[in-house]
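Just so you know, the sequences run in chain order L, S, R, C and U.
Taking our numbering, the leading residue of the first sequence gets 1399, the next gets one more, and so forth.
Taking our numbering, the leading residue of the second sequence gets 14, the next gets one more, and so forth.
Taking our numbering, the leading residue of the third sequence gets 69, the next gets one more, and so forth.
Taking our numbering, the leading residue of the fourth sequence gets 228, the next gets one more, and so forth.
Taking our numbering, the leading residue of the fifth sequence gets 5, the next gets one more, and so forth.
Idealized CB from N, CA, C, for every residue including glycine.
Bear in mind the structure is a predicted one, so any value in this text is a computation, not a measurement.
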Amino acid sequence: MPLNWYLALSAIVFSIGLYGLMTHKNGIRMLMCVELMLNSANINLVAFSSYNDDMTGQVFALFSIAIAAAEAAIGFAILMSIYRMRDMIDVDKLNILRW
Amino acid sequence: MSSEVIDILFNPWVRTLLGLCLIGVVFGGAMLVVWFERKLSGDIQFRLGPKYVGPFGIFQLVADAIKLMTKEDLIPSKADRLLFVSAPIVLMGSVFMMLVAIPFGAVFVNGVEYPIVGTEMDISILYIEAVSSISIIGAFMYAYSSNNKYSLLGAFRNFARMIGYEVPLGITIVSVAVMVGSLNIIEIAQAQSPIWFIFLQPLGFIVFFIALMADMGRLPFDQNESEEELVAGWITEYTGMRFGLGFFAEYIHLILGSMLVVLLFLGGWNLPSFLTNVTILGFFLPTLFYLLKVALVILTIIMLRWAVPRFRIDQVVDLSWKRLLPLSLLNLGWAIMLGIYLGM
Amino acid sequence: MVNLMLLAPEITILVTGLIVLLAGLFLSAQSKKIVGYIAILGCVVAMLLTISSFGTTAVMFSNSLSIDALSQFFKIVFLTVTTLVCIASVKYTDGNDHADEYYVLVLFATIGMMMVASANDLMVLFVAFELASLATYGLAGFEKKNPASIEASMKYFIIGSLSAALLLLGIGYVYGATGTTNIEGIAQNIDLLLNSPMGILSLVLLIAGFGFKIALVPFHMWAPDTYQGAPSLVSALLAAGSKKMGIIAAFKVFIGALIALQADWQIAFAILAVLTMTYGNIVALSQTSVKRMLAYSSLAQAGYITMAFVVMTPMALTGGILYALSHGFMKAGAFIATAAVVYMVTSENKDILNADHLDNFKGLGRRMPITALSMTVFVFALSGIPPTAGYMSKFILFSSTIQSGLVWLAVIAILNSALSLYYYARVVRYMYAKPTDGDRVSEPLPYVIALLLAVAGVLVIGIWPEPFVSMAMEAASVLI
Amino acid sequence: MLPILSLIVLIPILFSAVTFFTKTKEQARISALVGTLITLVLTMYMYFSFDSTSAAMQFEEAANWIPSLGITYHLGVDGVSMPLILLNAIVIPLLIIYTWNDVRAAPNRFYALILAMQGAVIGVFVSLDFFLFYVFWELTLVPLFFMVNIWGGANKKHAAIKFFIYTHVASLVMLLGIFGLYYNAWSLNGVPNMDMAYLIGQFQFLESEIARDAIFLALLFGFIVKTPVVPFHSWLPDAYSEAPTAGSVLFILLKIGGYGLFRVMLPMLPFTATPSLMITIMGALGAISIIYGAFLALAQKDLKRMIAYSSISHMGYVTLGAAGLVSLSISGAMFQQFSHGLIMSIMFMSCGVIQTKTGTSIINNLGGLAQKMPKLTVIMVLGFMASLGLPGLTGFIAEFLVLTFSFINMPIYVIIALLAIVITAAYHLWALQRAMFGTFNEKLGDIVDISSYQAFSMGVIALLVVYFGWHPSPVLDMMITNSEHIVSLMAVMGV
Amino acid sequence: MSVIIDSSSIINSYIPVAVFLVVSLLMPPATMAMVKLVSPRSKSPNKYTTYECGSDPLGDARIQFNVEYYLYAIAFVLFDIEVLFLYPWAMIYQGTSVDMVTAIVEMLIFIFVLLFGYAYLWKKGALKWMN
């Protein structure tokens, strides 16, 4: 399959993630959108890895999966603290800090 | 065989057809296992078990299937219809996708081995582990869509359990893969030709077996159902064929899981080469031997159901995190040492 | 054979982190003070190791890590900031049951920053970058009962992970075009990137990714909220440490790898620098929360440092690198001073919300003389009054801008610098000229030690900058 | 040999730190006095061993500081800076004596700031390296900012910030000019060097004429804002009048703007692309300052503001004299700096006394103070007379030299300035008449005369005004030596 | 060990997977369609209520889940990622591209660091069911 297909797929997934991140207020959804974006980058890396015949991309993707997992864990932890305090996870309603 | 025949056999579409046949085999096997379990349970409990339909009640399952077919299809009014309908698809999908990569034996033609499998891939064990964990999502969809408290409780327990046992499972698989240097399940099976891995890694086998039982939700790990407290747990709201699909999926999972045990630890279909070199024997003996071992594993699992009481959920979780996980890491270290010692 | 002695600072910090993690499990909340001392000891040892190996050049682990003057210099910056923060934190975490976790996160963030400093491969760079980010997300929300802290953490997290995604995508394109993630390899294969449509795309993504971390306008929106809401000492680490990490990463990627696209990113950085410093200074004028004000001032400072990318002469890079060190001292010091004030205010009144309000600085000169004096030094240093580190760095940076003919940029920077005096001076005015009814309070010793060390750093760099300038020059010579 | 210049810079700063950490007012003022007296003794020693016939730098000290940037620690004095150092060293101890019994918040900080100020100002005068020069230049801002901000009058906040920003911007513009010089020399000779004389010498080799003018103007801007010169003066009246008395006196002693004209601008002037234009700008600004300051002083109701504006007017003479480009007019301008420091100290001190005793400095609210405060009246009248240029006092000598010898090169501006003399006399006498003489304003209540401390310090300054008025040569000689040296550089221009 | 299939054509080995995916997607709906044909239908509102041991169901069953599950999830993520790194390592451990001792030492360091996290979780009680 031509490389462009993978790149297009990745771009579409990335855009979905970005769109979701911009439009959603729910913390969990935003988190999922971020994961989508990271995964779209992984698609790229793996596609390039195969295309360039070089293992680095795949290794990179593994690392980035690990990072995404850690990020999700921290994100959930923060969201949980918010939920315990405010009884909701609407990121929009966090507005103590502004001028 | 001539090379043309081999070419045809290795055509992916031909293999797909073979795989689809295996679905039928597995369905039949699952029905057989259900019947077997009921019969065996009866024996263990000094009951008779199925008896009237056919000889030894062997057609009981066919009757049950027809009954399920003709039952009314109910979707509770408060249920999430989309999830409710798609949950069996996900569950079945998970099982089928596992099935495609698991070999059902092998035939030896002129001493050359041809595994009976839907597809061969170089990371099949990883693939199997991945798709098998999709089933938890299916089970959760069953529960969440029902809008039933028992279901949801069951599903949560299911989650907590699965999460705990995935890790030791994965680590023991790695311990095996380290010895072989491959993630291809067929190569792993072949690597056990002189000596089964159960003898090299007894600890690994125990951990894997327990974790697999938990993964399949067999007693004593069926906290997602626990009839006494949760009615039928995750599947409470399902009736008729939708229930049947979930039920079948569980049993197919049981069969496939037992196959994994055999493939990873019990030597797969390997037989001494003087047997397999004989064309006629080699054609059916390995598969027979393999399926026999699978049957024995299934038998053990079914008997365990009546030998061990169900654990409480906290015990289940503790077992995985505080016992099996360190043990599996220990086994990994053992596997590494063995790897050095054997120079594999 | 890999000379592991060159990685000794990182290993020291890692081992310290693990020891703290383990020790924390077996200590009661009262005796957890000791983990703070362990952390400080580890940082100091790591710092000495770094300084002792300064000037050594080596490449290790399949060319994925490089030890050179640049990396060592930035490691010194990070370790300095961490040491200051750890010292001050001894008081902050006193009696807190989660003290060990705090130090562990601080130390892990430091490892991440240090690894970024010596990364020679985009993969290592990204992983280390994220290690530092992840640890700081947690730190920002350390006061989990404090809604402001949690909110700061959430905002930081969302934007931070967005930037990580952009960065990863950008790195992916660079990798795709050049076929390698090694920084030197990219520089060698840069033609492939230049001829590919991915070139400019990856550039935009990378600038955005690093821009978020450095908090360049318009990628800055998390910074004021996060710096304000996070515990002050964490803000110190963020502003003084993790921001520098973005800068060294950008140095490595843009100057080390993508130098051939210089024409493109220089314009972008010029615009960003001007926007950032102007926006930061103007908005800072109207802030009443000191932490928020420092956050905006930190934007402005980042804008100044970014000028180094635009000018790109050895002198300008020297200035930028020296600025990073000075800013480490100044900003960490200012936030630690604010932390001391917050500590005082909250120990008087537990439920107070914005403890860093400017009103709480009234009469500080009488109430906490050392803190007030140090704060004065820091804000004057930030505004570039001699003889402080801030002046020295601005001197080199701005003068090199003029040298290379970018007079307009230098004029904008200098005017900004003058503008910034207004809000810095306001803090000083509140501390010394406003009356207060509060009594003199005793200043906690850890804060005092940290503040005095930072003051010493600011003044030493300002008065006797020769060793630092020559170190920065050596570091800059690695880049060009 | 004793590093005397380092000592006179460092001792005040050291004592500033000591004073800051004293606990009581007694300790603070004694510590401050000791510090300034040591400085005074050292300065006198230096003064008496100073060779006033040489235009070269004396007591030079040089050491490497930041070699990688060519920055050195280079100090030295000559006839331009010596009198100004002397002025500072003399007046500041007297200022401390003047404030001996004042009651104010945080005296330790107050005295610490005065000492820090002294160190910084002397530092500016003795620095021969641009970097060091700028460091001290900026440092002078900080104590004054605090002085106004903490102990100032009703409008202190505004005044302090305005002063700070205004002069800081000017300094930064000047810094740009310094950068220009620095990199010019660097690119010419390939080595960085921040030495003042060296950079000024290299200025002529800058090829771009626009750049030469731009650098000159940038530096000029920095200096004339500090001087100050109309139209860049607007920070001054606020800052002077809002500052406490000691602050006002410190402002008066801050002669660094004018000093910069002699030290930097005049040696550079011949090499600007358009020297005649530049000199015209300087002269014009000076003349405008003289007359504009005088007019505004006339319009003031507040005594302190009036003195502030008169200060602008006086500083106009400095700029005009510098622009006169004749050795005696330049010496006159230098002498004006010195004399202005002394005279204005008396005036602000007097005004400060009036303000504290009566609670107001609005001229109309005063009246007949001479009856109650005879000692003050004597000294104050002397100060006012000196300020309006009465012969026999220092002000006369300075203004005479400036006006007479600037006439050679720029007659028009001198004529304009002459007009101002009349106005100057008018507002001085008018204010004196209304405030001190006439009938006593009973609303002011019971008023006592100045204390002996205040009388002592003001009296000493007054004596100096008289002494130098009759006998200016102790400082004028060295000024003339140096201004002749400066003028000899002008030969290139043919003026 | 013989390589049975030419792994260069990786796509080929996924064709059966794709077919199976389609089959598994189609099979349950097909079954249900058959059920539709043969099964009786008689509507009654009681049939459609949620089962709650015969009593009327109270409230919504879709509740927020317990914190305990979350802590397990975090722990799971930690160790699952560990396994993720173990797989590729297991592949090269036997190979010739890496010195075996180096491979072992590096993996031991990795697991050792991970064990710190494990000990931390255990001691902090994250692995304890808190009902």
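- When Cβ pairs closer than 8 angstroms are counted between the two stretches, the stretch 116-127 of chain U is seen to touch the stretch 86-95 of chain R, the count reaching three or more.
- Against chain R, the CB of Gly1418(L) has no partner CB under 8 angstroms away; the residue lies outside that interface.
- For Trp292(C), the enclosing beta strand (DSSP E) starts and ends at 285-293.
- For Leu314(C), there is no enclosing beta strand (DSSP E); the residue is found in the alpha helix (DSSP H) stretching over 309-325.
- Counted as a single uninterrupted DSSP element, the stretch harbouring Glu669(C) is not any alpha helix (DSSP H), since DSSP gives it neither H nor E.
- In the DSSP assignment, His166(R) falls outside any beta strand (DSSP E) and carries neither an H nor an E.
- Cβ contact annotation for Lys482(C) (same chain, cutoff 6 angstroms, sequence separation greater than five): Leu311, Gln564, in chain order.
- Boundaries for Leu133(R): no alpha helix (DSSP H) harbours it, while the beta strand (DSSP E) harbouring it runs 133-135, taken from the DSSP string.
- Annotation for Leu296(C): Pro419 place their beta carbon closer than 6 angstroms to its own, counting only its chain and skipping 5 residues before and after.
- Taken through DSSP and simplified to helix, strand or coil, Tyr91(U) comes out as helix.
- Look at the stretch 172-191 of chain R: the residues with a C-beta under 9 angstroms from a C-beta of chain L are Asp189, Leu190, Met191.
- Residue state for Phe664(C) is assigned as coil, using DSSP reduced to three classes.
- Closer than 8 angstroms to the CB of Leu95(R) there is not a single CB belonging to chain U.
- For Pro533(R), there is no enclosing beta strand (DSSP E), since its DSSP letter is neither H nor E.
- For Leu41(U) and Gln58(S), the gap between their C-alpha atoms comes out near 39 angstroms.
- Ranked by Cα distance from Ser229(R), the options Tyr1449(L), Pro1400(L), Leu1416(L), Asp1485(L) are led by Leu1416(L).
- Fewer than three beta-carbon pairs drawn from the stretch 273-282 of chain R and the stretch 141-148 of chain R are found closer than 8 angstroms, and the two stretches are therefore not classed as touching.
- DSSP, reduced to helix, strand and coil, places Thr546(C) within a helical segment of the structure shown.
- The beta carbon of Val304(C) is closer than 8 angstroms to those of Leu232, Met273, Phe277, Met284, Gln285, Phe286, Ile312, Phe352, Val353 in its chain, skipping five residues each way along the sequence.
- Nearest CB-CB separation between Phe114(U) and chain L: not below the 8 angstroms threshold.
- Residue range 700-717 is occupied by the alpha helix (DSSP H) that includes Pro701(C).
- By the rule that beta-carbons nearer than 8 angstroms mark a contact, Tyr170(R) does not touch chain C.
- Using beta-carbon distances, Val81(U) counts as an interface residue toward chain L, with a partner under 8 angstroms.
- Between the C-alpha atoms of Gly180(R) and Ile149(S) there is a straight-line separation of about 36 angstroms.
- Distances from the CA of Val491(C) to each of Val456(C), Phe478(C), Ile451(C) were compared; the closest alpha carbon is that of Ile451(C).
- Residue environment analysis places Ser537(C) among the buried positions, since at least 16 neighbouring C-beta atoms fall within 10 angstroms of its C-beta.
- The Cβ atoms of Gly32(S) and Pro44(U) lie no closer than 8 angstroms to each other.
- Between the stretch 118-132 of chain R and the stretch 478-495 of chain R there are fewer than three C-beta pairs closer than 8 angstroms, too few to call the two in contact.
- Leu267(C) and Ile349(C) do not touch by the CB rule: their CB atoms are close to 11 angstroms apart, not below 8 angstroms.
- Beta bridge pairing from DSSP links Leu302(C) with Glu288(C), Ser354(C).
- Nearest CB-CB separation between Tyr76(U) and chain L: not below the 8 angstroms threshold.
- Distance from the CA atom of Gly267(R) to the CA atom of Cys1431(L), rounded to whole angstroms, is 26 angstroms.
- Of the residues Met110(S), Ile184(S), Gly280(S), the one whose Cα lies closest to the Cα of Thr132(S) is Met110(S).
- With a beta-carbon spacing of about 7 angstroms, Tyr425(C) and Ala412(C) fall inside the 8 angstroms limit used to define contacts.
- With contacts defined as CB atoms closer than 8 angstroms, Ile198(S) and Ile147(S) fail to qualify as a contacting pair.
- Contact annotation for Lys100(R) against chain L: no contact, minimum CB-CB distance about 21 angstroms [criterion: below 8 angstroms].
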